[in-house]
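Participant: Note that the sequence shown covers residues 1388 to 1639 in this note's numbering. Got a structure for you, questions after.
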Amino acid sequence: MINFDLENTLFCGQSFCWRREDENYVAVLNNKVYRINNNSDITDPYLINYLDINFNYKETLNTIKEMNPVLNQAIETCNEIHILNQDLWETIICFILSQNNNIKRIEGIYDTLCKTYGVEVEKGYFTFPRPEMMKNVSEKELRDLKVGFRAPYIIDAINNSDLLLTIDTMEGEEADIILQKIKGIGPKVSACIRLFALHDLNVFPKDVWVKKIMKNVFEGSDESIFYPYAGLAQQYLFHYARLGYLDEYFKN
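Below is the structure:
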């Protein structure tokens, strides 16, 4: 059996498409419905790539553990979390939606966009809409779907989707320059897209949680202490904090 923590990987804040149904994890990906009960169900080539099964996490996590005691404890607690290889377009829209938002609400908006503009591939299950499916959407229509101030950002992403055709071949600041041409995408959102869609493990997204962690846990240090796996370290620290294990550092 493939040895990694499926639950923590799917629900650690990097993806918003997975739902728990009965004893399965369910999502619409690659124009089909995937249902996973446990790691032994991961046999489809698309899922193997999506879940980053072939990356050597064991060796990488052993390296990260040695960087800091708190990080070591985060890895021991959360087990083996993988960084997903997600669709670039879907990741861009999801992290535009993530601004000043919480995971439950992002998931709700995600579902609404799928049902409104996506394609039904099984009864009640819809794909995430491609930019061409939303090309005529208005700002009012998006605001009616509760996306709020992010509506013009989504429209700008739709109108500039051609910018993204070659971005998967770019690295670092080159990708940032292209991504940040889209309204509403700043350094934090761009970093999330690079990490969760382009598998850039050197990038270090800094949201409110991570900024607090760096200030209170790693005072006087920056993300360079985690290179060359800053993105993976960030995801562990983010999830570990969300689970409440770093609350003592946030009291003041």
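Don't be surprised by glycine CBs; every beta carbon is placed ideally from N, CA and C. Being a predicted model, the structure only gives us computed values, none of them experimental.
Less than 8 Å separating the beta-carbons of Tyr-1632 and Thr-1464?
Facilitator: Position 245 of the sequence shown, counted from the first residue, corresponds to residue 1632. Position 77 of the sequence shown, counted from the first residue, corresponds to residue 1464. In this structure, Thr-1464 lies closer than 8 Å to Tyr-1632 by Cβ.
Participant: Phe-1513 bridges to which residues according to DSSP?
Facilitator: The residue given as residue 1513 occupies position 126 in the sequence shown. DSSP output for Phe-1513 lists Glu-1507 as bridge partner(s).
Participant: DSSP three-state label for Tyr-1421, please.
Facilitator: Locating residue 1421 in the sequence shown gives position 34, where the first residue counts as 1. Strand.
Participant: Thinking Gln-1486 and Val-1576 are a contact (beta carbons under 8 Å), I'd like their distance in whole angstroms, please.
Facilitator: Reading the sequence shown from its first residue, position 99 is the one you call residue 1486. Reading the sequence shown from its first residue, position 189 is the one you call residue 1576. The pair is a contact, with the Cβ atoms about 7 Å apart (cut-off 8 Å).
Participant: Between the Cα of Val-1457 and those of Leu-1624, Arg-1629 and Leu-1532, spot the shortest distance and give me the residue it belongs to.
Facilitator: Sequence index remark: in the sequence shown, residue 1457 carries index 70 (1-based). Nearest C-alpha to Val-1457 among Leu-1624, Arg-1629 and Leu-1532: Leu-1624.
Participant: Using three-state DSSP, classify Glu-1453 as helix, strand or coil.
Facilitator: Stepping through the sequence shown from its first residue, residue 1453 is reached at position 66. Residue state, collapsed to three classes: coil.
Participant: Would you be able to state if there are at least three C-beta pairs under 8 Å between the segment 1443-1463 and the segment 1559-1569?
Facilitator: With the cut-off at 8 Å, the segment 1559-1569 and the segment 1443-1463 do not touch.
Participant: Give me the residue from Ala-1414, Ile-1541, Met-1601 and Asn-1395 with the minimum Cα distance to Asn-1358.
Facilitator: Given a span of 1388 to 1639 for the chain in the structure shown, any question on residue 1358 remains unanswerable.
Participant: Counting Cβ pairs closer than 8 Å, one from the segment 1420-1438 and one from the segment 1489-1505, do we hit at least three?
Facilitator: no
Participant: Indicate the three-state DSSP secondary structure (helix, strand or coil) for Asn-1411 in the structure shown.
Facilitator: Looking up residue 1411 in the sequence shown gives position 24. Here Asn-1411 sits in strand by DSSP.
Participant: Quick check: Leu-1471 and Tyr-1437, are their CB atoms within less than 8 Å of each other?
Facilitator: On the sequence shown, residue 1471 is found 84 positions in, with the first residue counted as 1. On the sequence shown, residue 1437 is found 50 positions in, with the first residue counted as 1. Taking 8 Å as the cut-off, the Cβ atoms of Leu-1471 and Tyr-1437 count as close.
Participant: For Pro-1615 and Ile-1468, what's the separation of their Cα atoms in angstroms?
Facilitator: Here residue 1615 refers to the residue found at position 228 when the sequence shown is read from its first residue. Here residue 1468 refers to the residue found at position 81 when the sequence shown is read from its first residue. Using only the alpha carbons, I get a separation of about 17 Å.
Participant: Is any heavy atom of the ligand FMN found at a distance shorter than 7 Å from the C-beta of Asp-1549?
Facilitator: This structure does not include the ligand FMN; it has no bound ligands of any sort.
Participant: According to DSSP, what are the bridge partners of Arg-1406?
Facilitator: By one-based count along the sequence shown, residue 1406 stands at place 19. As a beta-bridge residue in DSSP terms, Arg-1406 pairs with Val-1413.
Participant: Compare the C-alpha of Pro-1354 against each of Leu-1585, Phe-1591 and Asp-1587 and name the closest.
Facilitator: In this structure the chain extends from 1388 to 1639, so residue 1354 is not present and cannot be described.
Participant: Roughly how many angstroms lie between the CA atoms of Lys-1599 and Tyr-1512, to the nearest whole one?
Facilitator: As a working note, residue 1599 is residue 212 in the sequence shown. As a working note, residue 1512 is residue 125 in the sequence shown. Whole-angstrom Cα-Cα distance: 38 Å.
Participant: Below 8 Å on the Cβ atoms is my contact criterion, and I expect His-1626 with Cys-1399 to pass it. Report the Cβ-Cβ distance as a whole number of Å.
Facilitator: Residue 1626 sits at position 239 when you count from the first residue of the sequence shown. Residue 1399 sits at position 12 when you count from the first residue of the sequence shown. Confirmed, Cβ separation roughly 4 Å.
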